[in-house]
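Working notes for the structure below.
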């Protein structure tokens, strides 16, 4: 097992609950399920969003969300991140009012929805993004899948959760999980920012589908290779091609397909020599 | 095969795109992927939300979303639903301004976020909901899973999509799919409302996880039995117990577990006689 900077904590009692029920034989059972809690994120005094999360790494989640939505830009000086556990609120404070806060103040006087404003901003920065040139060897891809699948996780213990892993070459570095669809990747973005981890030579692995939002987040994080066990949407593929992002999906066992940025893939292994996944991981197929 | 009122249209060229790429053998391939488009929903002149959708049944999606969010209540008189395909906008019009519009007008003058207001409203109606007493036989559960898995679908053709099916006894009636996490269930809610389909004796089957949001939507639709191939979150289970909703998850092949409302389950079949699922459907395990 490689050494992770961050890896799942399936034995952390804050992250799962044991619940009682019955099974197909009408037998009493108990089972682990992941927790799910609403966290409300603020940027200074502006309430931004309430997300459903398992609740680990609240500061990274808040910061990563704001960065990935372009509500914080690299020039903003962050003076503090406060997590208030009693009310599940996270407040990110900046030295001066952000550009986003000024826009939203104007917007709420007219039609009132924060989400639209943010989306326009994200697409603006998407269109000017230039991703680093780097490589993924197919041997790394196979090795990463195997390491990640074999890592003890909330998913393997409790199910119903998404995972996202920042990797470099054949090494998984930061493995975050969350019930909220995009929180896992936002937590990685926040952690990278707070710990000064650069995005060059990085590969982002996700268990979730390669939709437009996932592609936009990867580009926003300036990561040039995005890999998933799951499938694609047409708009995800189109955006990846626009941004020159390498998009690899349906990566299970020896199989994968790449629908964008294929020049970054180096074929250095024989798929026939790759073992199929054990049944335990098959259920990770996912959507 | 049973006769559906609505079933997936995997051959509809509006819903998928064929894209080119390469596979693990560095061989050129083409593959089908589902489309994904942003639709913006309005309630009268109030912009409500932009959702990512495959774009079928726009009127049902808009109406179902508003109903499930409690932004429309049963007393509101709907005077029209307009879909503007050139700009992917759907406008739901009511006879008079809704209670929600008045609240949101007040809210935007203060803090500006529509979502919070809606959530408070939904929880209020959640707490007073009384679900119909009805039954699910385990033989229906097995039969439904088999029928639904075997129905030609966008998922089987193109992957990366969620499915949701309204059922009665052992018959699947309305099978909707969508890339957006909750659109499939919202489209069912809209269709039920527009076609006067009542919620008694109904079972809602989903491929997605049993999170708080899914439980809240089922209760909002006054459906008392929610079944999924996927797993649970702790809050999903807690809310289901509060509402006395029957919550059945991890339903694959002969296996399932029920974590709430178990009194509605009637054991009338021997799980040992149920065939395991073919590999083709295993990948539907999902999260």
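Residue numbers (our numbering), protein chains in the order written: chain A, 1 to 287; chain B, 1001 to 1287. Note that the Cβ used here is the ideal one computed from N, Cα and C, for glycine as well. Source: prediction; values computed, not measured.
In this structure, the beta-carbon distance from residue 203 of chain A to residue 136 of chain A falls below 8 Å.
By the rule that beta-carbons nearer than 8 Å mark a contact, residue 36 of chain A touches chain B. Interface residue (Cβ-Cβ distance to chain B less than 8 Å): residue 149 of chain A is not classified as such.
Exclusion of the five residues before and after residue 68 of chain A leaves 186, 189, 217, 220 as the residues of its chain whose Cβ lies within less than 6 Å of its Cβ. DSSP places residue 1177 of chain B in the uninterrupted beta strand (DSSP E) bounded by 1171-1178. Taking 8 Å as the cut-off, the beta carbon of residue 13 of chain A is found no closer than this to the beta carbon of residue 154 of chain A. When only Cα atoms are considered, residue 1262 of chain B and residue 58 of chain A end up about 35 Å apart.
Here residue 1233 of chain B is actually not in contact with residue 51 of chain A; their C-beta atoms are around 13 Å apart, not less than 8 Å.
Excluding five sequence positions before and after residue 1098 of chain B, the CB atoms of its chain that fall closer than 8 Å to its own CB belong to 1043, 1044, 1071, 1072, 1073, 1076, given in chain order. Exposure of residue 1123 of chain B is indicated by the presence of fewer than 16 other C-beta atoms within 10 angstroms of its C-beta. For residue 240 of chain A, the CB contacts under 6 Å within the same chain, skipping 5 residues up- and downstream, are 215, 247, 260 in chain order. A direct Cα-to-Cα measurement between residue 54 of chain A and residue 15 of chain A gives close to 6 Å. Pairing residue 213 of chain A with residue 1276 of chain B, the inter-Cα distance amounts to about 35 Å. When only Cα atoms are considered, residue 62 of chain A and residue 100 of chain A end up about 15 Å apart. The three-state reading of DSSP puts residue 1052 of chain B in strand, counting E and B together. DSSP places residue 146 of chain A in the uninterrupted alpha helix (DSSP H) bounded by 138-150.
Put simply, the backbone Cα of residue 1087 of chain B is about 11 Å away from that of residue 1037 of chain B. Nearest to residue 243 of chain A by alpha-carbon distance, out of A:127, A:93, A:23, is A:127. Pairing residue 1209 of chain B with residue 1231 of chain B gives a Cβ-Cβ distance under 8 Å.
In this structure, A:177 is the residue among A:225, A:257, A:177 with its C-alpha nearest to the C-alpha of residue 8 of chain A. Between residue 245 of chain A and residue 224 of chain A, the C-beta gap is smaller than 8 Å, which places the two residues in contact. Along the region 1219-1244 of chain B, the positions whose C-beta sits under 8 Å from a C-beta of chain A are 1230, 1231, 1232, 1233, 1234, 1235, 1236, 1237, read in chain order.
When 7 Å is used as the limit between beta carbons, residue 209 of chain A is near these residues of chain B: 1160, in chain order. Straight across, the Cα-Cα distance linking residue 1173 of chain B with residue 79 of chain A is about 55 Å. At a cut-off of 8 Å between C-beta atoms, residue 1137 of chain B does not count as an interface residue with respect to chain A.
Taking 8 Å as the threshold, the shortest C-beta distance from residue 1256 of chain B to chain A falls below it. At a beta-carbon threshold of 7 Å, the residues of chain A lying near residue 1031 of chain B are 257, ordered along the chain.
Assigned with DSSP and collapsed to three states, residue 274 of chain A falls in coil, not helix or strand.
Put simply, the backbone Cα of residue 47 of chain A is about 38 Å away from that of residue 30 of chain A. According to the DSSP assignment, residue 1217 of chain B belongs to the alpha helix (DSSP H) that extends over 1212-1220. Taking 8 Å as the upper bound for CB-CB distance, residue 1022 of chain B and residue 258 of chain A are in contact here, some 5 Å apart.
The three-state secondary structure of residue 1162 of chain B, taken from DSSP, is strand.
Closest option to residue 1092 of chain B, judged by alpha-carbon separation, among B:1085, B:1193, B:1081: B:1081. Bounds of the beta strand (DSSP E) holding residue 82 of chain A are 78-84. Not a single C-beta of chain A is nearer than 8 Å to the C-beta of residue 1133 of chain B. Residue-level contact by beta carbon holds for residue 17 of chain A and chain B, with a gap shorter than 8 Å.
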